[in-house]
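Residue numbers (this note's numbering), protein chains in the order written: chain R, 45 to 406; chain B, 45 to 406.
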């Protein structure tokens, strides 16, 4: 990134090694395929122990997340706490770090050269080969809405850096980048952090979107996401925030109340091609969108993630990368689990209006 | 049902009316379609009020579920509490009720004759026409594992009764039947109950399974579910419980730890064709499976639901109805929401072993 960050700071980059030490943390990770739907699940048996550990009250993640204080925080000094091994460090000119990237101590995927296939009866599985990293910003108490735009851009820059590095690996065909805020959204450590998981398979949700975008193009000769971005920009009723480069809006078919999608206005299939200028623009929209959620629904936990084209070398020019922000405003119960149809209790138009009223312009 | 229940009891059946009173409860319900994926969401704005109501702490459902006591329970005397209007009542010969079915007071779908389509720009939606009912067993403290087999069979009988009634409606193309146990699984009322929602669209998860079963049949000339049931019965490693008619096992590609599927051993596409004898057999397997979950993972919240063929009049002979039980053993965080790939922390083989050890044979 050729902008302010790198001018004021020094970036130390180290190639991650194929650390065998990592494998001690995880007994086994398997990708198993559902023979009906073709969907994948991960069986990662590294973290949990006995059946009793699965009961709600025993959740280790919940216990960790209750640890909101910075005292003894594993990510405030990841080196000291034994979290950090091989690290990508962004630092200020005074040598102090601003952002670190390191392998997840409890990875859902194990590092390795090539996924090995495993078969049993009619079923198919493969070894859960992949990379699982954590992206940690410095301040224990400052979440994305509280950071400066330039600091948010630094996080996006780290996403791109790691993406470009990991997409080269032979076993990697898709790279997921996501952020969990709050205990109920699965954040097991309160210190602000994002995660990156590089996997050998194309995930079902992405596949569905790739297929949908392809189909839409075939019948209407237009990118379905460009269509949406244009229409929302014109209709204005669901916009939360926009600048020249990105638009943030509550999607027409919102799955959760106050859901927001952030989309580049210009067609672009690949997140990893984001320019330095675009990072600043995206940082502005992301900070404002999350800030509006924070103010409107009282610090409700949320997840956001990047949906982008696979990096398996195929052509995905009909796809359009974007970010989806999903606040945890409801519990998935029987109906949603059975059908995949989510029930949202507020009209996206109403949600967008409320979010717009709570935009911080700092 | 021609078995013990109806011999010892009397069943009073009343046609549900198209109650206009219901509409006062729900301002609006809309089914909106995602233009990329074709998936549906429901926007049901009847329950919530202001944006602040969406923040975690304010969850009205959570407040209700904390109400574990039977004092003032809305379902212990649904008539008194104003929950019950038109009702299907199962009662014992002494006139006391054992099971009631009535419309949900806060339905996600509004009753009406025909769904009306709504368009906006590139988007498509329709009125959320449907039926939403609650099936309540009598005892406030007895959940399915604590009931007698015959009492569980009565619940299954009520599912079938209502299914057969609602499938006749013109606007109904799919009927979902599900059960939420515990607050985290979305049970807003502690009193044991199941729910039924009859909707005009085929849900994405069912569509995926229908397509998968069709595809498997086309290439291997066999029902994929029969294949699974046979293999699991032979391999034995993932079985939880079985009798002559049904098999319960932890699926090879389990999405959550301790997930169980219950499947008729004989090919059958339509749940609503279940016989009285099969209901008793299913009740035995369901009671034992949920009992094993209760004992093994310490009363962890769970959902179960029936996956069966749509009732839109088309031919679904390649499909095989079954029940899926999903314990809430983890939180869906960024990775799962982004990819649709779930991470389970225990091997299904291990889970099944633990569950088998905790079977109650009462």
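Note that CB positions come from ideal geometry on N, CA and C, so glycine has one too.
- Message: Here's a check: name, in chain order, each residue in its chain whose Cβ is nearer than 7 Å to the Cβ of residue 386 (chain B), leaving out the five neighbours to either side.
- Response: 299, 300, 380
- Message: Using a Cβ distance threshold of 8 Å, determine whether the region 201-209 of chain B contacts the region 132-146 of chain B, with at least three qualifying pairs required.
- Response: yes
- Message: Please report whether the beta-carbon of residue 383 (chain R) lies at a distance below 7 Å from any beta-carbon of chain B.
- Response: yes
- Item | Residue from R:135, R:356, R:333, R:384 with nearest C-alpha to residue 217 (chain R) | R:356
- Message: To the nearest angstrom, how far is the alpha carbon of residue 38 (chain R) from that of residue 176 (chain R)?
- Response: With chain R running from 45 to 406 in the structure shown, residue 38 (chain R) is simply not present.
- Item | Minimum Cβ-Cβ distance from residue 85 (chain R) to chain B less than 7 Å | yes
- Got a sec? Which residues, its chain only, sit under 7 Å from residue 390 (chain R) by beta carbon, not counting five neighbours each side? 301
- Task: Consult DSSP for residue 167 (chain R) and reduce its assignment to one of helix, strand or coil.
- Result: strand
- CB contact check: residue 241 (chain R) to chain B, cutoff 7 Å: yes
- Message: In the DSSP output, what is residue 380 (chain B) paired with across the bridge?
- Response: Looking at the DSSP assignment, residue 380 (chain B) forms no beta bridge with any residue, so it has no partner.
- Item | Interfacial residues, the region 284-309 of chain B to chain R, with Cβ spacing under 7 Å | 296, 297, 298, 299, 301, 302
- Pull up the DSSP beta-bridge partners for residue 132 (chain R), would you. R:145
- Item | Neighbour-count burial assignment, residue 310 (chain R), 16 or more Cβ in a 10 Å radius | exposed
- Item | 6 Å Cβ shell around residue 72 (chain B) - same chain, five flanking residues per side excluded | 89
- Item | residue 315 (chain B) versus residue 352 (chain B): straight-line alpha-carbon distance, rounded | 6 Å
- Item | Cβ shell of residue 159 (chain B) (< 7 Å), same chain only, five flanking positions each side left out | 170, 171, 173, 215, 244
- Looking only at its own chain, which residues have a Cβ that is under 8 Å from the Cβ of residue 253 (chain R), when we skip the five neighbours before and after it? 351, 363
- Task: Determine the burial state of residue 150 (chain R): buried for a count of at least 16 other Cβ atoms within 10 Å of its Cβ, exposed for fewer.
- Result: exposed
- Item | Sub-7 Å separation of residue 345 (chain B) and residue 256 (chain B) beta-carbons | no
- Item | Backbone CA spacing between residue 233 (chain R) and residue 118 (chain R) [nearest angstrom] | 8 Å
- Message: For chain R, check one thing: does any of its Cβ atoms lie closer than 7 Å to the Cβ of residue 273 (chain B)?
- Response: no
- Message: Taking CB distances under 7 Å as the criterion, tell me whether residue 253 (chain B) reaches chain R.
- Response: yes
- Sorted by chain position, which residues of the same chain lie with C-beta nearer than 8 Å to residue 167 (chain B)'s C-beta, five sequence neighbours on each side aside? 76, 77, 79
- By a C-beta neighbour count over all protein chains shown, 10 Å radius and 16 as the cutoff for buried, is residue 185 (chain B) buried or exposed? exposed
- Is any beta-carbon of chain B found at less than 7 Å from that of residue 314 (chain R)? no
- Query: Could you give the C-beta distance for residue 336 (chain R) and residue 399 (chain R), rounded to a whole number, given that I count them as a contact under 8 Å?
  - Reply: 4 Å
- Query: From this set, R:292, R:267, R:264, which residue's C-alpha is nearest residue 277 (chain R)'s C-alpha?
  - Reply: R:292
- Query: In or out: residue 116 (chain R) buried (at least 16 other Cβ within 10 Å) or exposed?
  - Reply: exposed
- Task: Quick one: residues in its chain with C-beta nearer than 7 Å to the C-beta of residue 182 (chain B), no 5 flanking neighbours on either side, listed in chain order?
- Result: 141, 142, 143
- Quick one: Cα of residue 376 (chain B) to Cα of residue 139 (chain B), how far? 45 Å
- Message: Let's see if you can read the secondary structure: which residues bound the alpha helix (DSSP H) around residue 329 (chain B)?
- Response: 320-340
- Using a Cβ-Cβ cut-off of less than 9 Å, give me the residues of the region 213-227 of chain B that come near chain R, in sequence order. 218, 220, 221, 222, 223, 224, 226, 227
- Would you say residue 387 (chain B) reaches chain R, if we count a Cβ-Cβ gap shorter than 7 Å as a contact? yes
- Item | Pick from B:290, B:281, B:282 that is closest to residue 270 (chain B), judged by C-alpha positions | B:290
- Task: Identify each residue in the region 330-353 of chain B for which the Cβ-Cβ distance to at least one residue of chain R is less than 9 Å, and report them in chain order.
- Result: 340, 341, 342, 343, 344, 345, 347, 348, 349, 350, 351
- For residue 233 (chain B), the three-state DSSP class (helix, strand or coil): coil
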